[in-house]
Amino acid sequence: MFNHKDAPDGTFFNFHKEPPLVAYEFFKLGMWIFLATEVLFFGGLFAAYFIMKFKWPEIFSLGSAQLSIPLGATNTVILLASSFTMALGVDAAQRKDKGRLVTMLALTFLGACGFLVIKYIEWSGKISHGILPGSDVFFSVYYMTTGLHLIHVLIGMYYIGLMFFRALQGRYTDEGSSHAGVEVGGLYWHLVDIIWIFLFPLLYLLGAH
Amino acid sequence: MAHEKTEYRPYLEPKGLYNWFWTVDHKRIGLMYLYSILIFFLLAGLCALGVRAELFYPGEQIVDHHGYNVLFTLHGAMMVFLFIVPGIPATLGNFLLPLMIGAKDVAFPRLNILSFWVYLLGAIVVLGSLVGPPGSSWLDTGWTFYTPYSIDSSTGVIPVTLGAFILGFASILTGMNFIVTIHRMRAPGMTWHRMPLFVWSLYSASLIQVLATPVIAITLLLLIMERVLGIGIFDAGMGGDPVLFENMFWFYSHPVVYIMILPAMGVVAEILPVFARKPIFGYRAIAYSSLAIALVSFFVWGHHLFVSGMSNWSRWIFSLLTFAVAIPTAIKVFNWIGTLYKGSVSFESPMLYACGFIFLFTIAGLTGLPLATLATDVHLHDTYFVVAHFHYTMQGGTVVALVGGLHFWWPKMYGRMFNEKMAQVGFWTLFIGFNATFIPQFIMGYQGMPRRYADYLGEFHDMHFLSSVGAMVNGLAYFIIFGNLIWAVFKGKRAAANPYGSLSLEWQTPSPPPLTNFDEIPTVTDWTYGYGDQQKA
Numbered sequence: 001m002f003n004h005k006d007a008p009d010g011t012f013f014n015f016h017k018e019p020p021l022v023a024y025e026f027f028k029l030g031m032w033i034f035l036a037t038e039v040l041f042f043g044g045l046f047a048a049y050f051i052m053k054f055k056w057p058e059i060f061s062l063g064s065a066q067l068s069i070p071l072g073a074t075n076t077v078i079l080l081a082s083s084f085t086m087a088l089g090v091d092a093a094q095r096k097d098k099g100r101l102v103t104m105l106a107l108t109f110l111g112a113c114g115f116l117v118i119k120y121i122e123w124s125g126k127i128s129h130g131i132l133p134g135s136d137v138f139f140s141v142y143y144m145t146t147g148l149h150l151i152h153v154l155i156g157m158y159y160i161g162l163m164f165f166r167a168l169q170g171r172y173t174d175e176g177s178s179h180a181g182v183e184v185g186g187l188y189w190h191l192v193d194i195i196w197i198f199l200f201p202l203l204y205l206l207g208a209h
Numbered sequence: 210m211a212h213e214k215t216e217y218r219p220y221l222e223p224k225g226l227y228n229w230f231w232t233v234d235h236k237r238i239g240l241m242y243l244y245s246i247l248i249f250f251l252l253a254g255l256c257a258l259g260v261r262a263e264l265f266y267p268g269e270q271i272v273d274h275h276g277y278n279v280l281f282t283l284h285g286a287m288m289v290f291l292f293i294v295p296g297i298p299a300t301l302g303n304f305l306l307p308l309m310i311g312a313k314d315v316a317f318p319r320l321n322i323l324s325f326w327v328y329l330l331g332a333i334v335v336l337g338s339l340v341g342p343p344g345s346s347w348l349d350t351g352w353t354f355y356t357p358y359s360i361d362s363s364t365g366v367i368p369v370t371l372g373a374f375i376l377g378f379a380s381i382l383t384g385m386n387f388i389v390t391i392h393r394m395r396a397p398g399m400t401w402h403r404m405p406l407f408v409w410s411l412y413s414a415s416l417i418q419v420l421a422t423p424v425i426a427i428t429l430l431l432l433i434m435e436r437v438l439g440i441g442i443f444d445a446g447m448g449g450d451p452v453l454f455e456n457m458f459w460f461y462s463h464p465v466v467y468i469m470i471l472p473a474m475g476v477v478a479e480i481l482p483v484f485a486r487k488p489i490f491g492y493r494a495i496a497y498s499s500l501a502i503a504l505v506s507f508f509v510w511g512h513h514l515f516v517s518g519m520s521n522w523s524r525w526i527f528s529l530l531t532f533a534v535a536i537p538t539a540i541k542v543f544n545w546i547g548t549l550y551k552g553s554v555s556f557e558s559p560m561l562y563a564c565g566f567i568f569l570f571t572i573a574g575l576t577g578l579p580l581a582t583l584a585t586d587v588h589l590h591d592t593y594f595v596v597a598h599f600h601y602t603m604q605g606g607t608v609v610a611l612v613g614g615l616h617f618w619w620p621k622m623y624g625r626m627f628n629e630k631m632a633q634v635g636f637w638t639l640f641i642g643f644n645a646t647f648i649p650q651f652i653m654g655y656q657g658m659p660r661r662y663a664d665y666l667g668e669f670h671d672m673h674f675l676s677s678v679g680a681m682v683n684g685l686a687y688f689i690i691f692g693n694l695i696w697a698v699f700k701g702k703r704a705a706a707n708p709y710g711s712l713s714l715e716w717q718t719p720s721p722p723p724l725t726n727f728d729e730i731p732t733v734t735d736w737t738y739g740y741g742d743q744q745k746a
């Protein structure tokens, strides 16, 4: 099984050097566990959504009708596309193709930026009409879910940006390097995507359009 | 084991703040966690003594009613979030897990130290609620933060809930680290069914940490947003549902009691066979019952809401599922007793604690049944009976096992022996004080004394007085116990590498262990409980 090649000296900067293959296994399992925590985190929020929707079907129906399906659908397509480019990036990293990895990470980052722009249009439109968290239970749930999703998009963008610069330096594609970082970044980004896949129909489509 | 190749240097060297601050060594992190949680154990324990001091006599004694609410709130919040949740996993678990499975460290050493720093940050934020005048800003909602009061209260709900939110990250990081470590870093030959039962219990507890903690995170976040933005999800006046808060809160907070108790059960399963000189009885039954408890724990939260407004069907199902927890728990108790049966039992202090655990925890489990029963729970809900029940699980179970585990592994951690006589005095003081505190609470709870009241009717005076005297003895016991352990670190006799003749891996390396735990990763050929047939080892 596992065997450290070098003895760690036990401090933060030089603890132990894992063979890349082992690190890869660790990171992937760790990321899957982290994704499970994310599912439970949003699961609690979805539970609140369903309880509130069950209690106040009319408020949810009317609130949902005020959201723009074209904007929401566009954002869904953008996020799905960025997930696709992310998957191509992981594939490029596996094939040690530095150029394609850098391109794909840049495209993914652009997709995330597009998502933010549309989200900004939607939120600022709502806020300018005086619709705020606490206006009614639907919009409280709307702002909480999309807001927390947005925070996850921002964290994802930070990491994608980080991967972009590391990829430029060849940290994932050089001889003897590990592409585990790209792999777990991809997993995270797909989770951000899939949460949106649930949010879009629940918030935008289940209304009185 | 041969030590010619590398010079032996215990992990406690090199000393110095820098080496502790930047350490990623799981053993040092375990100790840092231990020191931290014990500080909060002291603070929260003093709050409890304050509560009991107030209740010596009916009427206002030393604090006013708000002060009393603050005392029991701080006691509960600090005990739960700062002491007992990290309790065994982050201290003994961190220290022992890699040693027990024959690894040099956990899978993510840097996340491990991050977990500790995040824990300290969360603790500081919780304590931040104490900045400001005690009368108007010290938290008085109880550790459960029930809505609607927690929305209206002027006191420091936000710092404490935000702190608990942050502490959740520390808990998740530890759980995730342990799961990956157990999956990926076992020494050659250390198969799942050769792992020490403490590792099985840590694995089960880690699963709960990872799966339940995110739900309290979103619950507390919604509560914070409720206070900051007035989103109304828990506010009946705005169409929200306060009982939803209770449901979401207990969806975490019931499984979390198994984060507290499962590792305690693991500690007991390690101590018993060593002092009975017999292989553990029913290894697989104990191992799988940990997983069963972890699984069932997610489906019993509703028993906290039997009187909060709930359909009859839900009540029946939650009652039934709660009874189901008793099955794997009883399996464990029977197997522990089976381990003792016809063993050569010697009652040194760790064994006293292990047996004390079985005795007290059995009371805890059995008194849980009338609370799971719908008809009797209506009568007992929110009385001292509940308080006594969960203190038997938390203190009689988890804390007794933690202290027993500390005695058992103290020579491993510091290479020093404590004074055995004093340790036994400490145990009996604790045992007597604890029972004197909480047996009267069962009785007066049954008679109808409600919990969380600063005052009481004269008829309860005898029981309250007895309980308060017991609490003082209980408090004194910890000073004896930890005084003895701290004395041992500086003045104790040098311990042998394996003073109890244990067979598990953590004892097959010098005490205290070197930084990398083992000179060579050991190869495992048998389970760790072969006592009796392998005395020569």
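Going down the list, the sequences are from chains A and F.
For the first sequence, our numbering begins at 1 and goes up steadily by one.
For the second sequence, our numbering begins at 210 and goes up steadily by one.
Glycine included, C-beta positions come from ideal geometry on N, C-alpha and C.
This structure is a prediction, so every number in the text was calculated from the model and none was measured.
* Asked: Since F:Ile433 meets chain A, which of its residues come closer than 9 Å, beta carbon to beta carbon?
  -> Stepping through the second sequence from its first residue, residue 433 of chain F is reached at position 224. Scanning chain A for C-beta atoms nearer than 9 Å to the C-beta of F:Ile433 yields nothing, as the closest lies near 11 Å away.
* Asked: Around the Cβ of A:Val141, are there at least 16 other Cβ atoms within 10 angstroms (buried) or fewer (exposed)?
  -> Along the first sequence, read from residue 1 onward, the residue named residue 141 of chain A stands at position 141. When all chains shown are included, A:Val141 counts as buried.
* Asked: Is A:Ala112 near the ligand ATP, in the sense that its beta carbon is under 8 Å from a heavy atom of that ligand?
  -> Absence of the ligand ATP from the depicted structure is noted, as is the absence of any ligand whatsoever, leaving it without description.
* To do: Assess, as a yes-or-no matter, whether the region 369-382 of chain F is touched by the region 312-328 of chain F under the definition of 3 or more beta carbon pairs within less than 8 Å.
  => In short, these stretches touch, since the Cβ pair count reaches three.
* **Sub-9 Å separation of A:Lys126 and A:Phe139 beta-carbons** => Residue numbering aside, residue 126 of chain A sits at position 126 when the first sequence is read from its first letter. Residue numbering aside, residue 139 of chain A sits at position 139 when the first sequence is read from its first letter. Result yes, Cβ atoms of A:Lys126 and A:Phe139 sit closer than 9 Å.
* Do the region 296-310 of chain F and the region 261-272 of chain F touch if we need at least three Cβ pairs shorter than 8 Å? -> Contact fails: fewer than three Cβ-Cβ distances are below 8 Å.
* Can you find at least 3 beta carbon pairs, one from the region 281-295 of chain F and one from the region 689-707 of chain F, that sit closer than 8 Å? -> They do not touch, by the three-pair rule.
* To do: With 9 Å as the threshold, decide whether the Cβ of F:Ala386 is near any Cβ in chain A.
  => On the second sequence, residue 386 of chain F is found 177 positions in, with the first residue counted as 1. It is worth fixing the name first, because residue 386 of chain F is Asn in this sequence and not Ala. Residue-level contact check: F:Asn386 touches chain A, since one or more beta carbons of chain A fall below 9 Å from its beta carbon.
* To do: Ignore the nearest five residues each way along the sequence and tell me which others in F:Val452's own chain have a CB closer than 6 Å to its CB.
  => Here residue 452 of chain F is taken as the residue at index 243 of the second sequence, counted from 1. For F:Val452, where only same-chain residues beyond five positions count, the Cβ hits under 6 Å are Ser517 and Gly518.
* Please classify A:Val117: is it buried, with 16 or more other beta-carbons within 10 angstroms of its beta-carbon, or exposed? => Numbered from 1 along the first sequence, position 117 holds the residue referred to as residue 117 of chain A. Exposed: under 16 other Cβ atoms inside 10 Å.
* Do you know whose CA, among F:Tyr738, F:Tyr593, F:Asn726 and F:Gly741, lies nearest F:Asn303's CA? -> What you label residue 303 of chain F is simply residue 94 of the second sequence in a count that begins at 1. Considering only F:Tyr738, F:Tyr593, F:Asn726 and F:Gly741, the residue with the shortest C-alpha distance to F:Asn303 is F:Asn726.
* Asked: Can you give, in chain order, each stretch of the alpha helix (DSSP H) that sits fully within the region 327-407 of chain F and has at least 4 residues?
  -> Whole alpha helix (DSSP H) segments, 4+ residues: 343-346, 358-361 and 366-393.
* To do: Just confirm the distance between the C-beta atoms of F:Ala473 and F:Thr607, as a whole number of angstroms; I'd bet it's less than 8 Å.
  => Working through the second sequence from its first residue, we reach residue 473 of chain F at position 264. Working through the second sequence from its first residue, we reach residue 607 of chain F at position 398. About 5 Å separates the Cβ atoms of F:Ala473 and F:Thr607, confirming a contact at the 8 Å cut-off.
* **is_contact[F:Pro708, chain A] using C-beta, thresh 9 Å** => In the second sequence, counting from the first residue as 1, residue 708 of chain F sits at position 499. No, F:Pro708 does not count as interfacial toward chain A.
* Please look up how many angstroms separate the CB atoms of F:Pro719 and F:Tyr217, rounded, as I've assumed it's under 8 Å. => For the purposes of this step, residue 719 of chain F is taken as the residue at position 510 of the second sequence. For the purposes of this step, residue 217 of chain F is taken as the residue at position 8 of the second sequence. Yes, they are in contact, since the Cβ atoms of F:Pro719 and F:Tyr217 sit about 6 Å apart, within 8 Å.
* **Delimiting residues of the alpha helix (DSSP H) encompassing F:Ser462** => Position 253 of the second sequence, counting from 1, holds the residue named residue 462 of chain F. Looking at the DSSP string, the run of the alpha helix (DSSP H) that includes F:Ser462 is Pro451 to Ala485.
* Cross-chain neighbours of F:Met288 in chain A, by beta carbon under 7 Å -> Here residue 288 of chain F refers to the residue found at position 79 of the second sequence. Simply none; closest approach about 24 Å.
* **Separation of A:Ala93 from A:Thr173, as counted between CA atoms** => Translated into positions along the first sequence, residue 173 of chain A becomes position 173. Translated into positions along the first sequence, residue 93 of chain A becomes position 93. CA-to-CA, the gap between A:Thr173 and A:Ala93 works out to about 6 Å.
* **Residue range of the alpha helix (DSSP H) that includes F:Gln633** => Counting from 1 along the second sequence, the entry for residue 633 of chain F is found at position 424. Annotation for F:Gln633: the continuous alpha helix (DSSP H) segment containing it runs Glu629 to Tyr655.
* Going by the CB atoms, is the gap between F:Ile433 and A:Ala48 shorter than 9 Å? -> In the first sequence, residue 48 of chain A corresponds to position 48, counting from 1. In the second sequence, residue 433 of chain F corresponds to position 224, counting from 1. Judged by beta-carbon spacing, F:Ile433 lies beyond the 9 Å limit of A:Ala48, meaning their Cβ atoms are not closer than that value.
* Scan the region 111-183 of chain A and note each continuous alpha helix (DSSP H) run of 4 residues or more that stays entirely inside, going in chain order. => Within the region 111-183 of chain A, the complete alpha helix (DSSP H) segments at least 4 residues long are 137-168, listed from N- to C-terminus.
* Asked: Which two residues bound the contiguous alpha helix (DSSP H) that contains F:Trp618?
  -> As a working mapping, residue 618 of chain F is identified with position 409 in the second sequence. For F:Trp618, the uninterrupted alpha helix (DSSP H) segment begins and ends at Val609 to Tyr623.
* Asked: Checking contacts by CB at 9 Å: is F:Pro482 closer than that to chain A?
  -> The count along the second sequence starts at 1 and reaches residue 482 of chain F at position 273. So, not an interface residue.
* To do: In the DSSP assignment, find the unbroken alpha helix (DSSP H) run with F:Leu530 in it and report its ends.
  => Position 321 of the second sequence, counting from 1, holds the residue named residue 530 of chain F. Run containing F:Leu530: Asn521 to Leu549, per the alpha helix (DSSP H) assignment.
* **Where A:Gly176 meets chain F, residues with beta-carbon distance less than 7 Å** => To locate residue 176 of chain A, count along the first sequence from 1; it is residue 176. Taking a Cβ-Cβ cut-off of 7 Å, A:Gly176 has no neighbours in chain F, whose nearest Cβ is about 21 Å from it.
* Proximity winner among F:Pro659, F:Ala597 and F:Glu263, relative to F:Ala645 (alpha-carbon distances) -> Along the second sequence, one-based indexing puts residue 645 of chain F at 436. Considering only alpha carbons, the answer is F:Ala597.
* Could you work out which residues of chain A lie near F:Ile381, taking near to mean beta carbons separated by less than 7 Å? => Here residue 381 of chain F corresponds to residue number 172 of the second sequence, with the count starting at 1. Annotation: Cβ neighbours of F:Ile381 in chain A (cutoff 7 Å, chain order): Thr37.
* **Contiguous alpha helix (DSSP H) assignments of at least 4 residues, all confined to the region 221-301 of chain F** => Counting only runs of 4 or more residues that sit fully inside the region 221-301 of chain F, the alpha helix (DSSP H) segments are 226-230, 235-263, 274-286 and 294-297, in chain order.
* To which residues of the same chain is F:Ala686 closer than 7 Å at the C-beta, ignoring the five residues directly before and after it? -> Locating residue 686 of chain F in the second sequence gives position 477, counting from the first residue. Cβ contact annotation for F:Ala686 (same chain, cutoff 7 Å, sequence separation greater than five): Gly635, Thr638, Leu639 and Gly642, in chain order.
* How about F:Ala680 and F:Arg403: are their beta carbons less than 9 Å apart? -> As a working note, residue 680 of chain F is residue 471 in the second sequence. As a working note, residue 403 of chain F is residue 194 in the second sequence. No, they are not a contact pair.
* **Sub-9 Å separation of F:Phe407 and F:Glu479 beta-carbons** => Locating residue 407 of chain F in the second sequence gives position 198, where the first residue counts as 1. Locating residue 479 of chain F in the second sequence gives position 270, where the first residue counts as 1. Yes.
* 9 Å Cβ cut-off: residues of chain F touching A:Trp56 -> Counting from 1 along the first sequence, the entry for residue 56 of chain A is found at position 56. Residues of chain F passing the Cβ test: Gly448.
* Return the residue from the list F:Thr422, F:Phe454, F:Pro397 and F:Cys256 that minimises the CA-CA distance to F:Leu431. => The residue labelled residue 431 of chain F in the question sits at position 222 within the second sequence. Relative to F:Leu431, the option among F:Thr422, F:Phe454, F:Pro397 and F:Cys256 whose CA is nearest is F:Phe454.
* Going by DSSP, what residues sit across from F:Pro659 in a beta bridge? -> Here the question's residue 659 of chain F lines up with position 450 in the second sequence. Per DSSP, F:Thr592.
* A:Phe27 to F:Asp671 span [Cα, whole Å] -> The sequence position of residue 27 of chain A within the first sequence is 27, counting from 1. The sequence position of residue 671 of chain F within the second sequence is 462, counting from 1. Distance between the alpha carbons of A:Phe27 and F:Asp671: 59 Å.
* Asked: Considering only the beta carbon of each residue, do A:Tyr143 and A:Leu132 sit closer than 9 Å?
  -> Counting from 1 along the first sequence, the entry for residue 143 of chain A is found at position 143. Counting from 1 along the first sequence, the entry for residue 132 of chain A is found at position 132. For A:Tyr143 and A:Leu132, yes; Cβs fall inside 9 Å.
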